[in-house]
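Sequential numbering from -2 applies to the sequence shown in our numbering. Just so you know, even glycine gets a beta-carbon here, dropped at the ideal spot from N, CA and C. Since the structure comes first, as structure tokens, the remarks are kept for the end.
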Amino acid sequence: MTTQTQTHIDALNAVLGQTFRLYVQTHGYHWNVEGPMFRQLHNLFEAQYQNLWAALDEIAERIRTQGAYAPASVADLMALAAPEAAPAQSAKDMVAKLVEEHEAIAETLRGAISAAGEAGDEASADLLTGRLAWHEKELWMMKASLR
-2 MTTQTQTHID ALNAVLGQTF RLYVQTHGYH WNVEGPMFRQ LHNLFEAQYQ
48 NLWAALDEIA ERIRTQGAYA PASVADLMAL AAPEAAPAQS AKDMVAKLVE
98 EHEAIAETLR GAISAAGEAG DEASADLLTG RLAWHEKELW MMKASLR
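See the structure below:
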């Protein structure tokens, strides 16, 4: 395996780990949100965690197409992600923490897109670009709700 291919697989693994952690965090917020914006945020968080859950499969399958094994345990996935954020209690804090997490994964995605390009894997670059566009749109909507 070339260095470029390994760098690409490592980048895909990082995206997978961060996506998994964000999925768990968002699902927890969906369960626990309260306040005047309950219904709106409950529905927003549900749409987000469903999208993240579907993305996990797509990202893991791209790792497999590159000849590597995808992480197969919670511990392995969490080891690939940054440390968990402290829990949020208020709806506003939940949205603010999700903004931080979506910004972090967007940055990881930008690096992964570059690594995919260098490895000549246009299909992964396309998948990752789509993921980046989704995170950027979610960021726009969440930031607008904090104003």
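Where residue i sits in the DSSP three-state scheme
i           : result
residue 14  : helix
residue 7   : helix
residue 144 : coil
residue 97  : helix
residue -1  : coil
residue 114 : helix
residue 108 : helix
residue 127 : helix
Nearest-angstrom Cα separation, counted from residue j out to residue i
i           : j           : result
residue 2   : residue 100 : 25 Å
residue 141 : residue 37  : 13 Å
residue 67  : residue 40  : 30 Å
residue 0   : residue 89  : 43 Å
residue 117 : residue 111 : 10 Å
residue 107 : residue 129 : 7 Å
C-beta atoms of residue i and residue j nearer than 8 Å
i           : j           : result
residue 95  : residue 139 : yes
residue 91  : residue 46  : no
residue 109 : residue 21  : no
Please give the ranges of any alpha helix (DSSP H) in the region 34 to 92, keeping only runs that are unbroken, at least 4 residues long and fully inside the region. 35 to 62 and 71 to 77
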